[in-house]
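Read through the structure below, which is laid out as structure tokens, and then see the notes.
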Amino acid sequence: MNLLNSLLKNSNFVSQKERETLGLKDLAIVSFSSLNHMSESIRSCDSFQQNPSLNNTPFIMYLSNDVSETIKTLYSELCPIAKIIPLNLSDYPGYVQDLSQYRFKPIYQALTLQKYKVILNVDTSIRFDPNFNFSNLISDVIKQNPIDVTLLASNSHNMFSVTHPKMFECFPHINKKSTIKSTQYKSGLILWIGSEIGWKIMKRFLTCALHPECMGPVGSTTNCDYSLMTKFPNRFSGCHRFDQSALNLILLEESKYRPSLFQ
Numbered sequence: 204m205n206l207l208n209s210l211l212k213n214s215n216f217v218s219q220k221e222r223e224t225l226g227l228k229d230l231a232i233v234s235f236s237s238l239n240h241m242s243e244s245i246r247s248c249d250s251f252q253q254n255p256s257l258n259n260t261p262f263i264m265y266l267s268n269d270v271s272e273t274i275k276t277l278y279s280e281l282c283p284i285a286k287i288i289p290l291n292l293s294d295y296p297g298y299v300q301d302l303s304q305y306r307f308k309p310i311y312q313a314l315t316l317q318k319y320k321v322i323l324n325v326d327t328s329i330r331f332d333p334n335f336n337f338s339n340l341i342s343d344v345i346k347q348n349p350i351d352v353t354l355l356a357s358n359s360h361n362m363f364s365v366t367h368p369k370m371f372e373c374f375p376h377i378n379k380k381s382t383i384k385s386t387q388y389k390s391g392l393i394l395w396i397g398s399e400i401g402w403k404i405m406k407r408f409l410t411c412a413l414h415p416e417c418m419g420p421v422g423s424t425t426n427c428d429y430s431l432m433t434k435f436p437n438r439f440s441g442c443h444r445f446d447q448s449a450l451n452l453i454l455l456e457e458s459k460y461r462p463s464l465f466q
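Each step along the sequence shown adds one to the number in our numbering, with nothing skipped, and position 101 is 304.
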């Protein structure tokens with residue numbers, strides 16, 4: 204509980220009045236990389252720097268502890284606009300420190316949302332279109348989505364087939380039939396608004412990450428037959444999507460089963 208409280212204690216809610224005036228001036232973009240994704244992160248930053256509408260937008264890069272000082276220096280030379288922050292997970296349980304369970308993702312996103320009113324989380328695989336104008340992105344999303352967390356990239360499979368059965372035990376009230384009918388959106392491109400509802404969802408996301416059996420139940424893996432994700436949509440495919448599965452379930456509940464609000 205102390206770990207959870209430390210991630211929530213500095214949260215200053217965006218008021219309803221502030222929400223109506225949010226724009227590009229309030230946005231920060233955040234990402235995370237471990238050593239094996241550094242080449243991707245360099246390419247992602249390069250595409251960010253080529254988009255003129257983002258010239259004044261903060262870019263925060265969290266790095267895992269396997270990234271050496273030499274690599275950090277190289278990255279800072281190639282991506283001078285990035286604010287580099289080491290992500291220290293040493294105070295967290297071992298299952299959170301295990302990067303293959305993706306429990307770190309809500310942690311660095313919460314740390315960033317403490318400091319900015321709006322954040323766009325991007326995986327290192329994301330490339331910014333140099334011609335896309337981000338100026339209206341936030342206002343357009345606010346008009347569409349009252350729950351203030353929006354997943355911006357789709358998938359070809361539903362929620363149910365990529366959610367480990369034991370994860371559902373942490374969501375005892377969820378309508379499983381709705382997860383069969385609902386497309387699971389990617390967690391690699393998320394727009395967060397730091398409103399009361401945005402932070403409520405963040406708290407649920409963090410709570411799941413810190414629970415030993417929620418985000419990464421025993422036996423969860425992404426090493427599986429991907430074709431089963433779409434072949435049998437009403438069965439668990441054997442492919443679990445960790446943070447992505449958790450956040451999609453949370454948003455499905457918070458939207459009262461209206462996925463069009465957050466997708």
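Backbone N, C-alpha and C define an ideal beta-carbon position, used for all residues, glycine too.
Taking just the CA atoms, how far does leucine 314 sit from leucine 470?
-> No answer is possible for residue 470: it lies beyond the span of the chain, which begins at 204 and ends at 466.
Buried versus exposed, by CB contacts within 10 Å (16 or more), proline 420 | As a working mapping, residue 420 is identified with position 217 in the sequence shown. Buried.
Could you tell me whether the Cβ atoms of leucine 355 and leucine 316 are closer together than 8 Å?
-> Position 152 of the sequence shown holds residue 355. Position 113 of the sequence shown holds residue 316. Cβ distance not < 8 Å, so leucine 355 and leucine 316 don't count as in contact.
Shortest alpha-carbon distance to glycine 441 belongs to which of Leu452, Phe337, Asp343, Tyr429?
-> Numbered from its first residue, the sequence shown carries residue 441 at position 238. Looking at the Cα atoms, Tyr429 is the closest of the given residues.
Is the region 216 to 233 in contact with the region 337 to 345, if contact means three or more CB pairs nearer than 8 Å?
-> yes
In this structure, does DSSP put phenylalanine 465 in helix, strand or coil?
-> On the sequence shown, position 262 is the one that residue 465 refers to. Reduced to three states, the DSSP call for phenylalanine 465 is coil.
Return the chain-ordered list of same chain residues with a C-beta closer than 6 Å to the C-beta of isoleucine 400, the five sequence neighbours on each side being excluded.
-> By 1-based counting over the sequence shown, the position of residue 400 is 197. For isoleucine 400, where only same-chain residues beyond five positions count, the Cβ hits under 6 Å are Ile350, Asp351.
Whole-angstrom Cβ separation of threonine 327 and serine 247, contact assumed at under 8 Å?
-> By one-based count along the sequence shown, residue 327 stands at place 124. By one-based count along the sequence shown, residue 247 stands at place 44. So it is a contact: roughly 5 Å between Cβ atoms.
Rounded to whole angstroms, what's the CA-CA distance from threonine 386 to threonine 260? Just pull it up for me.
-> As a first step, residue 386 must be located in the sequence shown, where it is residue number 183. As a first step, residue 260 must be located in the sequence shown, where it is residue number 57. Spanning the two alpha carbons is a distance of roughly 31 Å.
Between the beta-carbon of phenylalanine 251 and the beta-carbon of phenylalanine 331, is there less than 8 Å?
-> Counting from one through the sequence shown, the residue named residue 251 turns up at place 48. Counting from one through the sequence shown, the residue named residue 331 turns up at place 128. Cβ atoms of phenylalanine 251 and phenylalanine 331: closer than 8 Å.
Can you give me the start and stop residues for the alpha helix (DSSP H) that proline 309 sits inside?
-> Translated into the one-based positions of the sequence shown, residue 309 becomes position 106. Taken as a continuous stretch (DSSP letters only), the alpha helix (DSSP H) holding proline 309 covers 307 to 316.
CA-CA distance, glutamine 300 and serine 293?
-> Position 97 of the sequence shown, counted from the first residue, corresponds to residue 300. Position 90 of the sequence shown, counted from the first residue, corresponds to residue 293. Distance between the alpha carbons of glutamine 300 and serine 293: 7 Å.
Can you tell me whether DSSP reads asparagine 239 as helix, strand or coil?
-> Sequence index remark: in the sequence shown, residue 239 carries index 36 (1-based). If DSSP states are grouped into helix, strand and coil, asparagine 239 belongs with the helices.
Check whether the Cβ atoms of serine 338 and leucine 227 sit closer than 8 Å, and answer yes or no.
-> Start at 1 with the first residue of the sequence shown, and residue 338 comes out as number 135. Start at 1 with the first residue of the sequence shown, and residue 227 comes out as number 24. The answer is yes: Cβ separation under 8 Å.
Can you give me the start and stop residues for the beta strand (DSSP E) that isoleucine 288 sits inside?
-> On the sequence shown, residue 288 is found 85 positions in, with the first residue counted as 1. Per DSSP, isoleucine 288 belongs to the beta strand (DSSP E) from 285 to 289.
Applying the criterion that 16 or more other CB atoms from any shown protein chain within 10 Å of the CB defines a buried residue, is threonine 424 buried or exposed?
-> Position 221 of the sequence shown holds residue 424. So threonine 424 counts as exposed.
When DSSP labels each residue in this structure, what does threonine 183 get in the three-state scheme?
-> Residue 183 falls outside the range modelled here, since the chain spans only 204 to 466, and no answer is possible.
How big is the Cα-Cα spacing for proline 309 and glutamine 347?
-> Counting from one through the sequence shown, the residue named residue 309 turns up at place 106. Counting from one through the sequence shown, the residue named residue 347 turns up at place 144. Approximately 23 Å, taken between the alpha carbons.
Have a look at Ser357, Phe445, Val233 and flag the residue whose alpha-carbon is nearest the alpha-carbon of isoleucine 322.
-> Translated into positions along the sequence shown, residue 322 becomes position 119. Closest by alpha carbon: Val233.
Around the Cβ of histidine 376, are there at least 16 other Cβ atoms within 10 angstroms (buried) or fewer (exposed)?
-> Along the sequence shown, read from residue 1 onward, the residue named residue 376 stands at position 173. It counts as exposed.
Could you check if proline 462 is buried or exposed, using at least 16 other CB atoms within 10 Å of its CB as the buried criterion?
-> The count along the sequence shown starts at 1 and reaches residue 462 at position 259. Proline 462 is buried by the Cβ-count criterion.
Could you give the DSSP three-state label for threonine 471: helix, strand or coil?
-> It is not possible to answer for residue 471, since the shown part of the chain is limited to 204 through 466.
Helix, strand or coil at threonine 382 [DSSP, three-state] | Here residue 382 corresponds to residue number 179 of the sequence shown, with the count starting at 1. The answer is helix: DSSP assigns threonine 382 an H, G or I state.
Glutamate 272 to proline 289, Cα distance in whole Å?
-> If you number the sequence shown from 1, residue 272 lands on position 69. If you number the sequence shown from 1, residue 289 lands on position 86. Cα to Cα, the separation comes out at about 11 Å.
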